[in-house]
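Engineer: The opening position of the sequence shown corresponds to residue 774 in the working numbering, with each subsequent residue numbered one higher.
Glycine included, each C-beta is placed from N, C-alpha and C at the ideal position.
As the structure is a computational prediction, the values presented were derived from the model and not from experiment.
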Amino acid sequence: MGSRLMNKKREAAELGRIRTGYSRPNPNPDKGPIPVKSKTFVLTSHSREYVEQAAKLYGGRAEQWTPQRSSIAQWRVITEAPELKAILPAGDPLHQYNEMWGGGGCERRCDGVTELLKGVPCVCLAKYGERWYERSARQVCKPTSRVGVFLPDMPDLGVWRLETKSHYAADVLAGGLDTVLQATEGKGLMPVRMWIEQRTRVVDGETKQFQVVMVVPSLPKLRHALSGPISTAAALDPASLDRPAIEAGPAVVPDYAAEARMCQTVEAARAVWRRANAAGHVARDGSDELSQELGRIADDIGKGIDTQTGEDHGDDEQGPDDEGVYDGEFVEDGEPPAAYPPAQWPTAAVPGGGR
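1) For Ser811, which three-state DSSP category applies?
2) Taking only the alpha-carbon atoms, compute the straight-line gap between Arg882 and Ala998 and give it to the nearest angstrom.
3) Going by DSSP, name the residue or residues bridged to Trp905.
4) Spatial neighbours of Leu1067 within its chain, please: CB distance less than 6 Å, with the 5 preceding and 5 following residues excluded, ordered by chain position.
5) Return helix, strand or coil for Phe1103, following the three-state DSSP convention.
6) Taking all protein chains shown into account, decide if Val976 is buried (16 or more other Cβ within 10 angstroms of its Cβ) or exposed.
7) Taking a contact to mean a Cβ-Cβ separation below 7 Å, would you say Arg849 touches Val809 in this structure?
8) Does the distance from the CB of Val932 to the CB of Gly948 come in under 7 Å?
9) Mind checking whether Val986 and Thr937 have CB atoms under 7 Å apart?
10) Which residue's Cα is closest to the Cα of Leu935: Gly961, Met927 and Thr917?
11) Could you tell me if Cys897 is buried or exposed, where buried requires 16 or more neighbouring beta carbons within 10 angstroms of its beta carbon?
12) Just curious, the beta strand (DSSP E) that Ala794 is in, first and last residue?
13) Under DSSP, the alpha helix (DSSP H) around Ser1064 begins and ends at which residues?
14) Identify whether Val988 lies in helix, strand or coil by the three-state DSSP scheme.
15) Whether or not the stretch 1001-1008 and the stretch 955-967 are in contact is what I'm after, with contact meaning three or more pairs of Cβ atoms, one per stretch, closer than 8 Å; do they touch?
16) Considering only C-alpha positions, which residue in the set Ala1071, Glu1062 and Arg996 is nearest to Cys1036?
17) Would you kindly report the start and end of the unbroken beta strand (DSSP E) that includes Glu880?
18) Could you pull out every unbroken beta strand (DSSP E) segment of at least 3 residues lying fully inside the stretch 939-994, listed in chain order?
19) Span of the beta strand (DSSP E) holding Gln847?
20) Which one or two residues does DSSP pair with Gln837 in a beta bridge?
21) Quick one: give me the first and last residue of the beta strand (DSSP E) that Gln826 is part of.
22) Find the nearest neighbour of Ala1051 within the set Val824, Val1026, Ile1074 and Gly875, judged by alpha-carbon distance.
23) In angstroms, rounded to a whole number, what distance separates the CA positions of Gly789 and Val824?
24) Note down the Cα distance separating Arg983 from Gln826, rounded to an integer number of angstroms.
25) Per the DSSP calculation, Asn1050 is bridged to which residue(s)?
26) So Ala854 packs on Gly832, CB below 8 Å; how close in whole Å?
27) Between Glu936 and the ligand NAP, is there a pair consisting of the residue's CB and a ligand heavy atom that are separated by less than 6 Å?
28) Could you compute how far the alpha carbon of Thr817 sits from the alpha carbon of Asn799?
29) Got a sec? Which residues, its chain only, sit under 8 Å from Ser1013 by beta carbon, not counting five neighbours each side?
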């Protein structure tokens, strides 16, 4: 059995990212690209194959693209689909920090109370107060939310990292995921629908526009989302949770009488009755109609009557052989009498004997 480093994260491979915006070239060559808030998700990856497949599934055109502050070209598609269907992995998939990035990488990463890189109190809160997030992104950190999801219709096993840097989206995203985690306790997969929603907010008499990422369970009924973890099969096909169970048809009873008529000895016919009794199709005391019919068939076999034609071959079959010996039928000692119907079964040791 393998072993693991206890201080390492165990995360699925990241195949690409799901973004809520993109940038377009600035007409002024002296200035950087212009950021654009997208109405639909933007999927990016180092893999051209993944992005081209995403374009087929969700619309849009795959194109080569180089992220800001990077010299490595990637691929992206600005999708046309109004929403994405995804699956949340087990555990808590949401990671949120207030971050500030510069040319040298991440300069500040804060959990809202402590700046974690330097171990000091939140810089933005201390400098600008409770509404620090309303200031320019050049002055304060950006509330950054990341959540890894599976896209079940995309190739390969790995997560796509959804990322948004909206203050209001952070609240909505955390609230939605906490509802899911409350239901599943993080112990199972959960199918979700994701879309970008445009909203407005009035602050100090000024209307501000912003966007949030909606992540809601994609299940037929609310009860399914709140009833605990679901199976992997249900996560891949949520509609199956609402399909009625296929009712079993009436039990098919074997034709025991036909089987008994094919028997050559009384003991073989008794074995047919025992199987019928074990299956619950005949009464133990032999009072039911099927037991009595099986008893008559066994009686005919004992008398030498052909159970298929009704012809009596008793006289031909009851005589001794050349040495004067009769064919015998033996019953094992210790067999409980109650195992057979008492009234209809032949009891003679030789076929054709009396009852």
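Structural biologist: The answer reads as follows:
1) It is a strand residue.
2) For Arg882 and Ala998, the distance between alpha carbons rounds to 33 Å.
3) DSSP output for Trp905 lists no bridge partner at all.
4) Beyond the five residues adjoining it in sequence on each side, Leu1067 comes within less than 6 Å, by CB distance, of Ala1033 and Trp1046 in the same chain, given in chain order.
5) With a pLDDT of 44 at Phe1103, under the threshold of 50, the modelled position of this residue cannot be trusted; read the value that follows with caution. DSSP places Phe1103 in coil when its eight states are reduced to three.
6) It counts as exposed.
7) In this structure, Arg849 keeps its C-beta atom at 7 Å or more from the C-beta atom of Val809.
8) Contact: no.
9) Against a cut-off of 7 Å, the Cβ pair of Thr937 and Val986 comes out as a contact.
10) Among Gly961, Met927 and Thr917, the Cα nearest to that of Leu935 belongs to Thr917.
11) The residue is buried, with at least 16 neighbouring Cβ atoms inside 10 Å.
12) The sequence as given places Gly at residue 794; Ala does not occur at that position. Glu787 to Arg797 is the span of the beta strand (DSSP E), which, as asked, contains Gly794.
13) Unbroken alpha helix (DSSP H) run through Ser1064: Glu1062 to Lys1076.
14) Of the three classes helix, strand and coil, the one that applies to Val988 here is strand, per DSSP.
15) Taking one beta carbon from each stretch, the stretch 955-967 and the stretch 1001-1008 have 3 or more pairs nearer than 8 Å; the two touch.
16) When each option's Cα is compared against that of Cys1036, the closest is Ala1071.
17) Where Glu880 is concerned, the enclosing beta strand (DSSP E) stretches over Gly878 to Cys883.
18) Listed in chain order, they are 963-976 and 979-990.
19) Start and end: Gln847 to Ile851.
20) Residue pairing for Gln837: DSSP places it in a beta bridge opposite Trp848.
21) In this chain, Gln826 is not harboured by any beta strand (DSSP E); it is covered by the alpha helix (DSSP H) spanning Arg821 to Tyr831.
22) It is Val1026.
23) Whole-angstrom Cα-Cα distance: 9 Å.
24) In the sequence on display, residue 983 carries Phe and not Arg. Near 30 Å, if we compare the C-alpha coordinates of Gln826 and Phe983.
25) In DSSP, Asn1050 forms no bridge with anything.
26) At roughly 6 Å, the Cβ-Cβ gap stays under 8 Å, so Ala854 and Gly832 are in contact.
27) As far as ligands go, the structure on display features none, and thus does not contain the ligand NAP.
28) Put simply, the backbone Cα of Thr817 is about 21 Å away from that of Asn799.
29) Spatial neighbours of Ser1013 in its own chain (CB-CB distance under 8 Å, excluding positions within 5 residues in sequence) are listed in chain order as Ala1006 and Ala1007.
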